Each structure stands twice: as structure tokens, then as C-alpha cells.
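Just so you know, this note's numbering puts 111 at position 61 of the sequence shown, and the rest follows in order with no gaps. Virtual Cβ for every residue (Gly too), placed ideally from N, Cα, C. Remember, predicted model here, so these are calculated numbers, not experimental data.
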Amino acid sequence: MRLLFTTTPGFSHTTPLLPLAHGARLAGHRVLVVAGGPALRAAADSGLPTVDAVPHDDVTRPYAALAAAAAERDIPPDETMRLVFGAFGEISAMMLEGLVAAARRWGADAIVYTPMLSSGPIAARAVGARAVLHGMGLRHPAFPATPALIEAAGRRYGVDAADLRPDAELVLAPASLERVNPAAPPPDAAVPTLPTRPGPDNGGGRVPGWALSRGRRPRVVVTLGSVPSHTDGRQDVMAAALTGLADLGVEAVLTTGGAALDTLGPLPPWARAVGFVPLTSLLPSCDAVVHHGGMGTMFSALAAGVPQVIVPTTSGDALSNAEVVEKRGTGLGLMPAALSPASLAAAVGELLDEPRHRAASREVAAELTAMPHPGTVADLLAALPFRHRIRTAT
Numbered sequence: 051m052r053l054l055f056t057t058t059p060g061f062s063h064t065t066p067l068l069p070l071a072h073g074a075r076l077a078g079h080r081v082l083v084v085a086g087g088p089a090l091r092a093a094a095d096s097g098l099p100t101v102d103a104v105p106h107d108d109v110t111r112p113y114a115a116l117a118a119a120a121a122e123r124d125i126p127p128d129e130t131m132r133l134v135f136g137a138f139g140e141i142s143a144m145m146l147e148g149l150v151a152a153a154r155r156w157g158a159d160a161i162v163y164t165p166m167l168s169s170g171p172i173a174a175r176a177v178g179a180r181a182v183l184h185g186m187g188l189r190h191p192a193f194p195a196t197p198a199l200i201e202a203a204g205r206r207y208g209v210d211a212a213d214l215r216p217d218a219e220l221v222l223a224p225a226s227l228e229r230v231n232p233a234a235p236p237p238d239a240a241v242p243t244l245p246t247r248p249g250p251d252n253g254g255g256r257v258p259g260w261a262l263s264r265g266r267r268p269r270v271v272v273t274l275g276s277v278p279s280h281t282d283g284r285q286d287v288m289a290a291a292l293t294g295l296a297d298l299g300v301e302a303v304l305t306t307g308g309a310a311l312d313t314l315g316p317l318p319p320w321a322r323a324v325g326f327v328p329l330t331s332l333l334p335s336c337d338a339v340v341h342h343g344g345m346g347t348m349f350s351a352l353a354a355g356v357p358q359v360i361v362p363t364t365s366g367d368a369l370s371n372a373e374v375v376e377k378r379g380t381g382l383g384l385m386p387a388a389l390s391p392a393s394l395a396a397a398v399g400e401l402l403d404e405p406r407h408r409a410a411s412r413e414v415a416a417e418l419t420a421m422p423h424p425g426t427v428a429d430l431l432a433a434l435p436f437r438h439r440i441r442t443a444t
């Protein structure tokens, strides 16, 4: 089977796809990643063959416009989401032609896409391939195609956009998390769901020797995530950590993702800053993690069985992620308006002192491990029936 993987241009939007892509190759299937920008680099760095979907343009341009708008003024959360939806819609439109061309030339049997890329199912319908929606972590509704994209789908490829439902959905979260997920879309009886073990994959990188084993003090990771340009609001978390954690007797590890920490001043002897260390390698030696609510960071902590404090400094799924962590008992949510050195110290102190959070985190880690291996899921995809007729139009 030929599996074409595609996603929006982001490192953290690509890494959830990598376990299935590599698992499919090991199971004897052929794999190709068609994407752009950081997604293309992340896939290539992991050893996968890639094709640039937008070779003659900068597919990250909508992100830059969004960042510029955010830098000019404070944008309310609802308007932020509208702008994010618009950026993903523009990216989907930019990628559609390249996706269809690559899928047709390569003879893709299935197009595996993430929820933000609405051109994924359109391309699948255009070439008669299976459309497979690949989750990013917790289930969220897929982004709808914009009117302009729907018009282009019909005009260029004869695709009826009235039904762009996938032929299958790969679900990465165990049932105990989905039961408390406030953003989960209602089930669709027409779309089979295939539970799939997430990696998680944080990319490769050099791991310092001290990270391979536990230190003398409890180790707490404070991370900004993988996107330095989006980290300005997260400096407050770092500052609160450096003040609030001073009396807890911990070792603090600040992972900056390349962001400058000039405003924080000299670090105390119990804290260290690192640019990037794969969380999958760092977290096993840690006792707690504080982060911004990104799906990849949350699932890395869950897979490692490490309790977490989420300070949702970004829009999108961060708020619902914090709610899920609270309800499942694997950690705590701390709203930015309530963030202070004292409140962060209290939250981290509870994670270290209350064994129930670590116990719940280890339960979820075991649930993740028990989910079907990605290589097995790839074989199940090969057996899926087509819900739509094969298209031969060019």
C-alpha cells in the first residue's frame, strides 16, 4: 500500500504522523510525505522521503501574517481563533495543487492528513485514494474547507465537497482521556475509528549526560514548546518558575526551544537552561513538567507517566488540554490570570507531594502503551473499503 502523509507546515504538526509513517514502512508499505516548510524538514530529518507541496512559494507566509497581527495589538481569543482558521485555510489552498499532483503521479492508495489541513480529503477524493484523518492527540473537530477551497475542488477536480468525511479516523488518545475531553466531536457512525498508539515523537537531538538519570533533587522541566516565535507570552511562566520554585528544593530545567531568555537575568544554581532536548529522552528522569498546553508536550508527559502543570498561554487546544489533565487527575491547570510565583510553586508542590497525580499519569502511560501498534494499524488501513468511487479526471 502507498501511504501519502501530509500536514500543515509545523514541526509539532508533523511529529504525530511519524510513528505511523515509520511503522507502515516496517510493515512493508511505501510512504511519502508531501508538505512544506518545517513539516518537510521534520519528516526528512526522521528519514522519510519528501516532496515539497509548494516549491515556488513560502507556505508559512500565513503564519507570518498571523504573528505580525498578534505583535501589533492584543487580539481577543475568539478573534485569534478566527485568524488561525483563516491561516490554515490559506495554507490548505496553497497546498492543494501540489498534493493532488504528487498523489496522482505516485499512485497514492491513501492520503493521511491532520485535522487542520482541509485540502487533505479533497486531494484524496480527487485521485480516488482513501482519506484517513490522523489525530494530533485528543480528538478535535477537523477544520472545515473554506468556500474558496470548496469552489476550487469542484472546478479543478470535480470533487463534490458536500461530503468530505474521512474513510477512517486514527484516534491517539485512550478512552479515559476522551471521556473527559470537552472538545471531542460527536461520533460519526459512517467513519470507522482506529485506536493508534502515539509515539510520541519530539524529533532527534543531542541529549546531555545529566539528563540520562535522576539528580539529587526532584527534577522539574519548564518548557516553552517548539516554536520560539510564539513564546513571548510564556516568558512569564519562566520568570514565575525561577522565583516560585526556589524554596521547593528542586532542580529546574528550562527548555527554551531557542527563545532568548535575556529578560530573566542570571539563573540560580538550582536551575539550568537548554535550547532543545527531546522530551522523550528528558522526561523519564523528571518528577514534574510545567508547560504551555501544547498537545505534543502533554502527550509526551502522559507517555512518560510524569504529572504536569499546564499554563495555557496559547489559544486553541491549550485550554481544553488543561481541563482534561485536571479531570483525569494527571496534573493541574493554572490559568495565566492566576499565574504568580506563589501559585506556580503551590501547583508544582502538589504534584511532588500528592502521589495520586503520578499514579494517574502512570495509568494513562499504561493505557497508551496498550493501544495498537502503528504498524498494525497500517495493515488495517490497507484492508479498508473505499467509500467513494475512483476518479480518473486530470
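Here's the rule: buried if 16 or more other CB atoms are within 10 angstroms of the residue's CB, otherwise exposed. What is residue i?
i, result
"Glu129", "exposed"
"Gly379", "buried"
"Leu167", "buried"
"Gly60", "buried"
"Leu333", "buried"
"Pro232", "exposed"
"Gly78", "exposed"
"Ser263", "exposed"
"Leu418", "buried"
"Arg247", "buried"
"His72", "buried"
"Asp159", "buried"
I need the straight-line Cα distance from residue i to residue j, nearest angstrom please.
i, j, result
"Met345", "Thr273", "13 Å"
"Asp108", "Pro88", "11 Å"
"Glu301", "Glu147", "50 Å"
"Thr64", "Arg189", "16 Å"
"Pro268", "Leu402", "8 Å"
"Gly204", "Arg175", "11 Å"
"Gly366", "Asn252", "20 Å"
"Val427", "Met51", "12 Å"
"Ser350", "Pro250", "6 Å"
"Val162", "Glu140", "19 Å"
"Phe135", "Phe193", "7 Å"
"Leu70", "Val271", "28 Å"
"Ala410", "Met421", "17 Å"
"Thr306", "Thr347", "13 Å"
"Pro81", "Ile172", "Residue identity check: residue 81 is Val in the sequence provided, not Pro. Going from the Cα of Val81 to the Cα of Ile172 covers about 19 Å."
"Arg155", "Pro112", "28 Å"
Considering only residues of the same chain and omitting the five flanking positions on each side of residue i, which have a CB-CB separation below 6 Å?
i, result
"Arg408", "Pro357"
"Leu369", "Pro362"
"Ala432", "Met51"
"Val39", "There is no way to answer for residue 39, as the model of the chain reaches only from 51 to 444."
Near residue i, what residues of its chain come up, given a Cβ to Cβ distance below 7 Å and the 5 sequence neighbours on each side ignored?
i, result
"Leu434", "Arg180, Asp217 and Ala218"
"Val104", "Gly86, Met144, Met145 and Gly148"
"Thr243", "Glu219 and Val221"
"Ala392", "Gly294"
"Ala415", "Leu352, Ala353, Ala354 and Gly355"
"Val398", "Val270, Leu295, Leu298, Ala338, Val340 and Val359"
Considering only DSSP beta bridges, list what residue i is partnered with.
i, result
"Ala181", "Ile161"
"Arg269", "Glu301"
"Asp128", "For Asp128, which the question treats as bridged, DSSP gives no partner whatsoever."
"Val10", "Any question about residue 10 goes unanswered here, given that the chain covers just 51 to 444."
"Asp478", "An answer regarding residue 478 cannot be provided, because it is not within the stretch 51 to 444 covered by the chain."
"Ala219", "Here residue 219 turns out to be Glu, not Ala, going by the sequence shown. Leu183 and Thr243."
"Arg175", "DSSP, once it has assigned bridges, lists no residue as partnering Arg175."
"His341", "Ile360"
"Ala323", "Leu304"
From what residue to what residue does the alpha helix (DSSP H) around residue i run?
i, result
"Glu373", "Ala368 to Arg378"
"Leu431", "Pro424 to Ala432"
"His72", "Leu68 to Leu76"
"Ala410", "Pro405 to Thr419"
"Ser119", "The sequence shown places Ala at residue 119, rather than the Ser named in the question. Per DSSP, Ala119 belongs to the alpha helix (DSSP H) from Arg111 to Glu122."
"Arg447", "Nothing about residue 447 can be reported from this structure: the residues present for the chain run from 51 to 444 only."
"His63", "Phe61 to Thr64"
"Val257", "Note, Val257: premise wrong, no alpha helix (DSSP H); not H, not E."
"Asp286", "Gln285 to Gly294"
"Leu332", "Leu329 to Leu332"
"Ala225", "Ala225 to Glu228"
On the DSSP letters alone, give me the boundaries of the beta strand (DSSP E) that residue i sits inside.
i, result
"Leu382", "Gly381 to Gly383"
With a CB to CB cut of under 8 Å and the five nearest residues on each side skipped, what residues in its chain are close to residue i?
i, result
"Thr330", "Gly249, Pro250, Asp251, Asn252, Ser350, Ala353 and Ala354"
"Ala234", "Leu188, Arg189, His190 and Glu228"
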